[in-house]
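Let me begin by presenting the structure, written as structure tokens, before commenting on it.
2 protein chains.
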Amino acid sequence: MKMEFKLLHKDKHSRARVGKLALAHGEMDTPAFMPVGTQGTVKAVQQRELTCAGAQIILCNAYHLFLRPGIEVIKKAGGLHKFISWPKPILTDSGGYQVFSLALLRKVTDEGVQFQSHIDGFKHFLTPEDVIGIQKALGSDIVMPFDECVHYPCSKEQARLAMERTIDWARRSKAVELADQALFAIVQGATYDDLRRECAERLVEEDFSGYAIGGVSVGEPKNLRYNTVDIVSVILPEDKPRYLMGVGLPEDILGAIEQGVDMFDCVVPTRYGRNGTAFTSQGKITIRNSPFINDFTALDAQCGCYACKNFSRSYIRHLFNTEEVLGLELVSMHNIHFFLNMMSRAREAIAQDRYAEFKKEFLDKYNAK
Amino acid sequence: MKMEFKLLHKDKHSRARVGKLALAHGEMDTPAFMPVGTQGTVKAVQQRELTCAGAQIILCNAYHLFLRPGIEVIKKAGGLHKFISWPKPILTDSGGYQVFSLALLRKVTDEGVQFQSHIDGFKHFLTPEDVIGIQKALGSDIVMPFDECVHYPCSKEQARLAMERTIDWARRSKAVELADQALFAIVQGATYDDLRRECAERLVEEDFSGYAIGGVSVGEPKNLRYNTVDIVSVILPEDKPRYLMGVGLPEDILGAIEQGVDMFDCVVPTRYGRNGTAFTSQGKITIRNSPFINDFTALDAQCGCYACKNFSRSYIRHLFNTEEVLGLELVSMHNIHFFLNMMSRAREAIAQDRYAEFKKEFLDKYNAK
């Protein structure tokens, strides 16, 4: 079984939709937020805590895992799920973005990418086929093809080149045989409407299991990203899941759900968590700040996570001030709960044709302070 | 109820003993190991994980908590148990050791100690009465008096002065009224047999709830510490708990249990855990080492903790190599389990008059590699 996507309901008043995605390692409800476990661990959050928060899928990064611990180790462990002890679905990102943002001295040709590891400077050459081979060895449920990311801003000429290469690489990736793994394609084209349209149309013709919108959250203004999603999502087929890569903050996710996006991933909950910023139903709070010295309430009174059920803002502030690991753990865990709970409420609202009201209520409260 | 200590059984072939200590926040079995939560958190271990590991008491440090977050915050929280969300017994160390090892520009007089905070350089003056007052506000189950620690080596003259002051301060501490909290005394005297004897005898005359052997693990050779414990423990009354401060490694704890010690605390399980050293039934392992690259067994096959039940040495090595917080969490949690499980097995062995066999078997296996 590669993948089965059931579109369960479309909101009557927006393009928001709820669905169920069946993958080799289980089912997931969409719209879904995927906690990011780049190196095979969602930073400062235990696997059992992800389960407890309701995570149905996590994202790992093929580039990082290829460099450390290396694919041979994970193969010997019996695949990525076993290696990291996460039995539910995993999406692996190809590492296209990381090669372009982290690796040193990269040289991109149509054949593939030569780069130096950002860890030890060791030289590697990877073709799109290699990258699928890596993910095949990892055994992830959803596989992303190698793509060429461009920075923002980027000339149209450069954007077209990267787009052509991304399409070509997606085709080559599709030619690699996969058994239980679903291959998505990534729509590139920077902020050029015609390129985005063309890229989406040409990839749809190739019939992938799902479609991602890539090359966003790379520094472009929010309205341009909104526009890109708008243009692309109407081209993508209704019966395939749509994944907006690397997005984002609660307001961004809720906006994109309204545009018909089904899947999200972002480092925000855990990165903010490690910095002591907690997401709450009444907005973000920076726990180190002095108003919390004597605040003995939970991070979010409406949250049922371990952090909120047991510890006060005052205590968590103390943990951050004294650089105690438990602080990172509690806020990261809470933020993951917050994001997953938001998704669950969004799905419920869509199913009841009241997504716009839900979004407004949620954001009014979230932005009130 | 201040404290009730029941000596349940004495091993027929050694001075090892099992007992039960009833405190304001619950009972604990002795010999006991107290995980160290200096700043109100056992580093990288969650409170629910301590419970799961079988911790019946933890140690916190009055000096650290006095500096951060400050006693007023903890009072407003309703006491230390509520502030840190740990409903079971807490022993608070007075901070004598910390004032002498961490604080800047300290000046010790018979009246008390003037020092500068190691965090912000702020000047403080604390009398022994103040230190008991701080612990009264914290609401810990067992309170330690302020004592004067000396370094190793230390002249006899200096050791005598510190001992006299420690006895005087213990008396003054005893004069402070405490309701539900038990006050221990600390035996000092450096490595001088006659001073240790005299200090123990004079403190026993004063009738404290329990007795600690302090000023050990300060750099002295192991045989001198062994000797100190030997000398002091025969003087201490049978019907009061005996606490060897800051000890230690498994072999040290097992040795001191044989000498009749009931309580231990040490940062070793969590400090080693954060450095990637795991205690196992077959000795310590340094998880970063290359033999573990493809070792898919648990840290300790005989351990039932979350880390051992779910994750391999290979994965945990990867977490340390990539500096992921989960690595610290898993090894720290496991080490706490290891120490507490060792104590539980020691108690069982004493109850069955086979402590010497247990100790030999344990250490033979532990030291085999």
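Residue numbers (the working numbering), protein chains in the order written: chain E, 1 to 369; chain G, 1001 to 1369. No residue lacks a Cβ here, since even glycine has one placed at the ideal position from N, Cα and C. Being a predicted model, the structure only gives us computed values, none of them experimental.
Among the residues facing chain E, Gly1121 (chain G) is not included, as its CB has no counterpart in that chain under 8 Å away. Between Ser1332 (chain G) and the set G:Val1232, G:Gln1047 and G:Glu1129, the nearest pair of CA atoms involves G:Gln1047. Look at the beta carbons and you see the stretch 184 to 197 of chain E touching the stretch 227 to 245 of chain E: at least three pairs across the two are nearer than 8 Å. For Arg1225 (chain G), the enclosing alpha helix (DSSP H) stretches over residues Lys1222 to Ile1235. Contact of Lys1043 (chain G) with chain E is assigned, a C-beta pair being separated by under 8 Å. The continuous stretches of alpha helix (DSSP H) do not include Thr286 (chain E), which lies in the beta strand (DSSP E) extending over residues Gly283 to Thr286. With its beta carbon less than 8 Å from one in chain G, Ile84 (chain E) belongs to the interface. From the beta-carbon of His318 (chain E), the residues of chain G found nearer than 7 Å are Gly1040, Arg1068 and Pro1069. About 19 Å separates the beta carbon of Val42 (chain E) from that of Ser1314 (chain G), a gap too long to meet the 8 Å contact definition. In the same chain as Ser1344 (chain G), and ignoring 5 residues on each side of it, the C-beta atoms closer than 7 Å to its own belong to Gly1054, in chain order.
Residue contact with chain G for Leu328 (chain E): present (Cβ-Cβ distance below 8 Å to some residue of chain G). Counting along the chain, the unbroken alpha helix (DSSP H) around Met343 (chain E) starts and ends at Val325 to Ala351.
Beyond the five residues adjoining it in sequence on each side, Ile119 (chain E) comes within less than 7 Å, by CB distance, of Leu67 and Arg68 in the same chain, given in chain order.
Using a CB distance cut-off of 8 Å, Val1073 (chain G) counts as an interface residue toward chain E.
Beta-carbon to beta-carbon, Leu249 (chain E) and Val229 (chain E) are separated by about 14 Å, too far to satisfy the 8 Å threshold. The beta carbons of Asp300 (chain E) and Thr280 (chain E) sit closer together than 8 Å.
Secondary structure at Gly133 (chain E): helix, using DSSP grouped into helix, strand and coil. For the pair Pro145 (chain E) and Ser173 (chain E), the CB atoms are nearer than the 8 Å cut-off. The contact set of Glu1324 (chain G) on chain E, defined by CB atoms closer than 7 Å, consists of Gln39, Thr41 and Lys43 in chain order. Among the residues of chain E, those whose CB is under 9 Å from the CB of Arg1048 (chain G) are Tyr306 and Asn310, following chain order.
For Ile142 (chain E), the secondary structure class from DSSP, reduced to helix, strand or coil, is strand. For Gln1116 (chain G), the uninterrupted beta strand (DSSP E) segment begins and ends at Val1113 to Gln1116. At a cut-off of 8 Å between beta-carbon atoms, Ser314 (chain E) makes contact with chain G. Checking the DSSP bridge columns, you'll see Glu4 (chain E) partnered with E:Ala22.
Residues of chain E whose Cβ lies closer than 8 Å to the Cβ of Ala1077 (chain G) are, in chain order, Phe296, Ser312, Ser314 and Tyr315.
Contact between the stretch 1354 to 1361 of chain G and the stretch 1322 to 1329 of chain G is not established, with fewer than three Cβ pairs separated by less than 8 Å.
In this structure Gly189 (chain E) is buried. Its beta-carbon is surrounded by 16 or more other beta-carbon atoms within 10 angstroms. Within the stretch 1266 to 1288 of chain G, the residues whose Cβ lies closer than 9 Å to any Cβ of chain E are, in chain order, Arg1274.
Assigned with DSSP and collapsed to three states, Asp93 (chain E) falls in strand. Interface annotation, Ile293 (chain E): in contact with chain G, CB-CB separation under 8 Å. In the three-state reduction of the DSSP assignment, Phe1362 (chain G) falls in the helix class, which pools H, G and I. Each residue's CA atom was taken as its position, placing Gln1039 (chain G) and Gly1095 (chain G) some 12 Å apart.
Taking 8 Å as the threshold, the shortest C-beta distance from Asn321 (chain E) to chain G falls below it.
Scanning E:Asn294, E:Ser209, E:Val99 and E:Lys2 for the CA closest to the CA of Ala1077 (chain G) turns up E:Asn294. The stretch 1175 to 1187 of chain G and the stretch 1108 to 1127 of chain G do not touch, with fewer than 3 CB-CB distances between them shorter than 8 Å. In the DSSP assignment, Leu104 (chain E) forms a beta bridge with E:Gln116.
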